[in-house]
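Residue numbers (this note's numbering): 88 to 394.
Right under this line is the structure:
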């Protein structure tokens with residue numbers, strides 16, 4: 088049986104840790120020996136989480152969208168180092184895109200994306216110096232098609248893209264970056280979900296603590312997984328990737344030619360090719376145009392859909 092993971096006094100910042108998943112992440116990390124900065128703009132919530140932890144934890148009430156450096160300064164001032172960032176802070180405002188107030192839309196975007204960007208930016212030198220730097224960015228399945236949540240989905244999609252790129256950059260300097268698309272019952276979910284059967288299932292079977300256990304695993308100094316996206320809910324986790332369906336080529340690449348194959352363009356298929364990097368998509372196009380280049384890149388020939 089694997090011994091209990093111990094963070095050995097490593098220092099973590101968890102943003103949006105006053106309630107919900109953020110609180111669960113902070114408590115889980117602290118229970119395994121991490122010293123935690125509990126960030127939440129609602130002071131009473133942050134303070135309550137610190138009280139619940141009852142150990143090496145401090146509260147920070149900074150607005151990560153406006154003053155991200157303060158939370159990092161708090162960590163360094165209190166503990167002298169910084170090893171782990173869990174970018175969890177977010178807000179949600181439902182409404183149809185064309186009807187939503189622009190200021191409200193951008194506020195959602197700023198808290199979720201700008202907060203993640205600026206906390207990570209301010210933390211980066213300390214994470215590099217740590218030698219075991221970890222960044223866990225919380226995106227959401229809301230980045231997929233979800234009517235009425237354009238600001239939230241757009242911000243979470245940007246966080247996913249950011250994580251892919253920082254995963255590559257972090258690998259060069261010893262910082263591991265992972266992205267989560269979690270599903271769990273939280274006050275945020277409670278504000279938009281009313282179906283009683285769904286509510287009961289989420290309350291009892293999809294808890295924040297289950298997600299927090301996986302976050303602690305990813306954040307641990309012995310974990311080597313990085314530059315990946317994970318869908319997490321309950322006791323199930325799977326990796327996620329951008330994937331392409333089989334390609335479609337018309338007889339002639341003209342507007343009329345594309346019209347002739349429109350049905351094929353909309354056709355689903357179980358045959359998927361994952362694309363994990365910009366280079367992988369670029370190579371796909373090169374090899375399709377010139378199959379002789381496949382050997383140069385060690386690439387398989389693209390599988391095109393017959394039409």
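Every residue gets a Cβ at the ideal spot worked out from N, C-alpha and C, and that includes glycine.
Reduced DSSP category for residue i - H, G, I as helix; E, B as strand; rest coil
i, result
"residue 361", "strand"
"residue 308", "coil"
"residue 317", "strand"
"residue 271", "coil"
"residue 151", "coil"
"residue 227", "coil"
"residue 109", "helix"
"residue 203", "helix"
"residue 382", "helix"
"residue 262", "coil"
Spatial distance of residue i from residue j (CA atoms)
i, j, result
"residue 263", "residue 309", "11 Å"
"residue 223", "residue 307", "11 Å"
"residue 175", "residue 341", "46 Å"
"residue 102", "residue 319", "19 Å"
"residue 394", "residue 347", "Note on residue 394: pLDDT 40, under 50, position unreliable in the model; the coordinate value appears next. Approximately 9 Å, taken between the alpha carbons."
"residue 302", "residue 227", "14 Å"
"residue 352", "residue 338", "14 Å"
"residue 206", "residue 344", "49 Å"
"residue 258", "residue 282", "43 Å"
Span of the alpha helix (DSSP H), counted from its first residue to its last, around residue i
i, result
"residue 324", "Unbroken run through residue 324 is the beta strand (DSSP E), 323-327; no alpha helix (DSSP H)."
"residue 251", "237-258"
"residue 130", "130-140"
"residue 344", "342-347"
"residue 284", "283-292"
"residue 189", "189-196"
Cut-off 6 Å between Cβ atoms - residues of its own chain near residue i, not counting five sequence neighbours on either side
i, result
"residue 92", "119, 307"
Endpoints, the beta strand (DSSP E) within which residue i is located
i, result
"residue 122", "122-126"
"residue 98", "98-101"
"residue 173", "171-174"
Sequence-distant residues of the same chain with beta carbon closer than 7 Å to residue i, five excluded per side
i, result
"residue 363", "328"
Nearest neighbour of residue i, chosen from the options [CA to CA]
i, options, result
"residue 294", "102, 115, 90, 95", "115"
"residue 171", "99, 199, 270", "99"
"residue 104", "316, 331, 274", "274"
"residue 272", "292, 254, 253", "292"
"residue 106", "89, 354, 138, 189", "138"
Close beta carbons around residue i, own chain, < 8 Å, minus the five adjacent residues each side
i, result
"residue 215", "260, 261, 262"
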